[in-house]
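What follows is a short report on a single structure.
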Amino acid sequence: MFGLIGHSTSFADARLLAKRLGYDEYAEGDLDMWCSAPPQLLERVRVTSPTGTTIEGAYIDSCFVPEMLSRFKTARRKVLNAMELAQKNDIQITALGGFTSIIFENFNLLKEQQIRSTTLDWQRFTTGNTHTAWVICRQVEQNAPRLGIDLAKARVAVVGATGDIGSAVCRWLKERTGIAELLLVARQAQPLIELQSELGCGRILSLEEALPQADVVVWVASLPQTLSIDTASLQRPCLMIDGGYPKNLDSKAAAEGVHVIKGGIVEFGSDIGWQMMAVADMAKPQRQMFACFAEAMLLEFEGIHSNFSWGRNNINLAKMDLIGAASLRHGFQALGLETELQPATNLAVA
Ligand code: NDP
633 MFGLIGHSTS FADARLLAKR LGYDEYAEGD LDMWCSAPPQ LLERVRVTSP TGTTIEGAYI
693 DSCFVPEMLS RFKTARRKVL NAMELAQKND IQITALGGFT SIIFENFNLL KEQQIRSTTL
753 DWQRFTTGNT HTAWVICRQV EQNAPRLGID LAKARVAVVG ATGDIGSAVC RWLKERTGIA
813 ELLLVARQAQ PLIELQSELG CGRILSLEEA LPQADVVVWV ASLPQTLSID TASLQRPCLM
873 IDGGYPKNLD SKAAAEGVHV IKGGIVEFGS DIGWQMMAVA DMAKPQRQMF ACFAEAMLLE
933 FEGIHSNFSW GRNNINLAKM DLIGAASLRH GFQALGLETE LQPATNLAVA
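Just so we're aligned, residue 633 is where the sequence shown starts under this note's numbering, counting upward by one.
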């Protein structure tokens, strides 16, 4: 069985979901009440791959909301309790979605293996970052040519280059895609220098320096709400893959010739019959999902019950190849320009 640990995109959305699902006490509860609420296993599903394999899974809402990010102890407890619930339900492989994998890593929850009487078995969990990185690279490779961007001549900026997903994207773009130049963006200098040395290429730039030079921008950092982009200075055309969480670039970078795709999102070939993706604000919640969630499904389809994506900066190209091949075999497609551009609203002139 696969599991997905997620959360609502805001406290207001979480209360709406609770109301819809009949959890009246939660729907009316304040943030303090939510802070002490236990995780809930909200839904069980069965999914059949085009190969004919059927798997079963469950969605666990951690009852975390982004408004709790500043409350360290609460955020930590929410993630660990949700993991304990997954393990107690004997789920073999569970993806940590949304902010939960970031909280796990940044708060160093590896030290917190004992939750009451449960010793968490790390082999049962995955961040899903290998599939996310592979999907983002595919979004670059498939969509840049559609805009007339020749990747062999293109500059690609990776914002969040030193992160788990960002560093994997950089390795792939360098080795597999064959782009003209990588522009490496993050805040801390030392990890950037180490990444540049590992890659043997890439120019380290500030965000302000990189954006006007980039034909493609891969965003794999959680960006402050206050970030503003000088759209007039961007290349035309410019492809932006919005891979961070939350996905808020389409409004910040709305300008003619600037094309924003929701990054790290995949679409399954048929409706799954679940409710859970409605909370994640997907355009087609019956078949679209975060690539990290899809990784848990892929691992279950393939019978790989191990923490496939774990720790930081461990993603290699062989693992990306493996999960990418599984993704195609089991009927997942990366979101692309066709889906994003049809309403034409993304192209509004700034
Ligand atoms: P990491 O914490 O490993 O990496 C974050 C990276 O972003 C680092 O390079 C960090 O470097 C950089 N960064 C953070 N803030 C800024 C900033 N203000 N400006 C520039 N760089 C910044 O995270 P992951 O690689 O695990 O995840 C990256 C993003 O992808 C997250 O937003 C995560 O939520 C999202 N994600 C999306 C998924 C999906 O949509 N399917 C699935 C999984 C994750 P430094 O601190 O030096 O700035």
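Ideal Cβ positions, reconstructed from N, Cα and C, are used throughout, including at glycine.
Original post:
Alpha carbon to alpha carbon, what distance is there between residue 781 and residue 650?
Top reply: Here residue 650 is taken as the residue at index 18 of the sequence shown, counted from 1. Here residue 781 is taken as the residue at index 149 of the sequence shown, counted from 1. If you take the alpha carbons of residue 650 and residue 781, they lie about 45 Å apart.
Original post:
How big is the Cα-Cα spacing for residue 852 and residue 635?
Top reply: For the purposes of this step, residue 852 is identified with residue 220 of the sequence shown, where counting begins at 1. For the purposes of this step, residue 635 is identified with residue 3 of the sequence shown, where counting begins at 1. Roughly 24 Å between the two C-alpha positions.
**OP:** Look at the Cβ atom of residue 897, then the Cβ atom of residue 933, and state whether they are nearer than 8 Å.
**Re:** Start at 1 with the first residue of the sequence shown, and residue 897 comes out as number 265. Start at 1 with the first residue of the sequence shown, and residue 933 comes out as number 301. Their beta carbons are not under 8 Å apart, which means residue 897 does not touch residue 933 by this criterion.
Original post:
Under the criterion of a Cβ to heavy atom distance below 7 Å, does residue 732 qualify as lining the ligand NDP?
Top reply: Numbered from its first residue, the sequence shown carries residue 732 at position 100. Every heavy atom of the ligand NDP is 7 Å or more from the Cβ of residue 732, so no.
Original post:
Skipping 5 residues on each side, what residues in its chain have a beta carbon closer than 7 Å to that of residue 913?
Top reply: Here residue 913 is taken as the residue at index 281 of the sequence shown, counted from 1. So the list reads 641, once near-sequence residues are dropped.
**OP:** For residue 808, count neighbouring Cβ atoms within 10 angstroms of its own Cβ and tell me buried if that reaches 16, exposed if not.
**Re:** Position 176 of the sequence shown holds residue 808. Exposed.
Subject >> Which listed residue (659, 930, 886 and 710) has its alpha carbon closest to that of residue 724 >> reply: For the purposes of this step, residue 724 is taken as the residue at position 92 of the sequence shown. It is 930 whose Cα lies nearest to the Cα of residue 724.
**OP:** Just tell me which of 946, 926 and 949 has its CA closest to the CA of residue 963.
**Re:** Against the sequence shown, residue 963 aligns to sequence position 331. Out of 946, 926 and 949, 926 has the C-alpha closest to the C-alpha of residue 963.
Subject >> Reduced DSSP secondary structure (H/G/I, E/B, other) of residue 969 >> reply: Here residue 969 refers to the residue found at position 337 of the sequence shown. DSSP places residue 969 in helix when its eight states are reduced to three.
Subject >> Length of the line joining the Cα atoms of residue 789 and residue 945 >> reply: Translated into the one-based positions of the sequence shown, residue 789 becomes position 157. Translated into the one-based positions of the sequence shown, residue 945 becomes position 313. Cα to Cα, the separation comes out at about 18 Å.
**OP:** Could you give the DSSP three-state label for residue 942: helix, strand or coil?
**Re:** Numbered from 1 along the sequence shown, position 310 holds the residue referred to as residue 942. Residue 942: coil per DSSP, three-state reduction.
Original post:
Should residue 755 go down as buried or exposed, given a rule of 16 or more other Cβ atoms within 10 Å for buried?
Top reply: Taking the first residue of the sequence shown as position 1, residue 755 is located at position 123. With fewer than 16 Cβ atoms within 10 Å of its Cβ, residue 755 is classed as exposed.
**OP:** Grab me the residues of residue 835's own chain with a C-beta within less than 6 Å of its C-beta, minus the 5 sequence neighbours each way, in chain order.
**Re:** Stepping through the sequence shown from its first residue, residue 835 is reached at position 203. Only 815 meet the Cβ criterion.
Subject >> Delimiting residues of the beta strand (DSSP E) encompassing residue 673 >> reply: In the sequence shown, counting from the first residue as 1, residue 673 sits at position 41. Unbroken beta strand (DSSP E) run through residue 673: 672-680.
Original post:
At what residue ranges does the segment 868-955 contain a whole run of the alpha helix (DSSP H), taking only runs of 4 or more?
Top reply: 881-884 and 923-934
Subject >> For residue 814, the first and last residue of its enclosing beta strand (DSSP E) >> reply: Translated into positions along the sequence shown, residue 814 becomes position 182. Its beta strand (DSSP E) spans residues 813-817.
Original post:
Which residue or residues does DSSP assign as beta-bridge partners of residue 691?
Top reply: In the sequence shown, residue 691 corresponds to position 59, counting from 1. In DSSP, residue 691 forms a bridge with 636 and 675.
Subject >> Expected contact under 8 Å - CB spacing of residue 924 and residue 798 to nearest Å >> reply: Residue 924 sits at position 292 when you count from the first residue of the sequence shown. Residue 798 sits at position 166 when you count from the first residue of the sequence shown. Not confirmed; about 15 Å, so no contact.
Subject >> Straight-line Cα distance separating residue 648 from residue 822 >> reply: Here the question's residue 822 lines up with position 190 in the sequence shown. Here the question's residue 648 lines up with position 16 in the sequence shown. Roughly 43 Å separates the two Cα atoms.
**OP:** Can you say whether residue 700 is buried or exposed, counting buried as having 16 or more other CB atoms within 10 angstroms of its CB?
**Re:** To locate residue 700, count along the sequence shown from 1; it is residue 68. Result: buried.
**OP:** Taking the CB atoms as reference points, tell me whether residue 865 and residue 843 lie closer together than 8 Å.
**Re:** Here residue 865 refers to the residue found at position 233 when the sequence shown is read from its first residue. Here residue 843 refers to the residue found at position 211 when the sequence shown is read from its first residue. Yes, these two residues count as a Cβ contact at 8 Å.
Subject >> Those residues which DSSP pairs with residue 787 across a bridge >> reply: Here the question's residue 787 lines up with position 155 in the sequence shown. Answer is 813.
Subject >> Distance between residue 819 and residue 840 (C-alpha atoms, nearest Å) >> reply: Counted from its first residue, the sequence shown places residue 840 at position 208. Counted from its first residue, the sequence shown places residue 819 at position 187. Approximately 12 Å, taken between the alpha carbons.
Original post:
What number of angstroms, rounded off, separates the C-alpha of residue 793 from the C-alpha of residue 657?
Top reply: Taking the first residue of the sequence shown as 1, we reach residue 793 at position 161. Taking the first residue of the sequence shown as 1, we reach residue 657 at position 25. Looking at the two C-alpha atoms, the distance is approximately 43 Å.
Subject >> Sequence-distant residues of the same chain with beta carbon closer than 7 Å to residue 980, five excluded per side >> reply: Your numbering for residue 980 matches position 348 in the sequence shown. Residue confidence is low: residue 980 scores 30 on pLDDT, short of 50, so the model does not pin down where it sits. Its coordinate-derived value is still stated next. The answer, listed in chain order, is 886.
Original post:
Can the beta-carbon of residue 713 be found less than 8 Å from the beta-carbon of residue 747?
Top reply: Here residue 713 refers to the residue found at position 81 of the sequence shown. Here residue 747 refers to the residue found at position 115 of the sequence shown. Yes, the pair counts as a contact, with Cβ atoms nearer than the cut-off.
Subject >> Same chain, Cβ closer than 6 Å to residue 711, five either side skipped, listed in chain order >> reply: Position 79 of the sequence shown, counted from the first residue, corresponds to residue 711. Here the set comprises 732, 735 and 736.
Original post:
What first and last residue would you give for the alpha helix (DSSP H) that runs through residue 725?
Top reply: Sequence index remark: in the sequence shown, residue 725 carries index 93 (1-based). Note, residue 725: premise wrong, no alpha helix (DSSP H); beta strand (DSSP E) at 725-728.
Original post:
Pairing CB atoms from the segment 657-676 with CB atoms from the segment 861-879, are three or more of them under 8 Å?
Top reply: no
Original post:
Between residue 971 and the rest of its own chain, which residues show a CB-CB distance below 6 Å, the 5 nearest in sequence each way excluded?
Top reply: Counted from its first residue, the sequence shown places residue 971 at position 339. Unreliable positioning characterises residue 971 in this predicted model, as indicated by a pLDDT of 48, which lies under 50. A coordinate reading is not provided.
Original post:
Whole-angstrom Cβ separation of residue 720 and residue 750, contact assumed at under 8 Å?
Top reply: As a working note, residue 720 is residue 88 in the sequence shown. As a working note, residue 750 is residue 118 in the sequence shown. Residue 720 to residue 750, Cβ: 7 Å. Contact.
Subject >> Residue span of the alpha helix (DSSP H) that contains residue 711, given as start and end >> reply: The residue labelled residue 711 in the question sits at position 79 within the sequence shown. Note, residue 711: alpha helix (DSSP H), 704-720.
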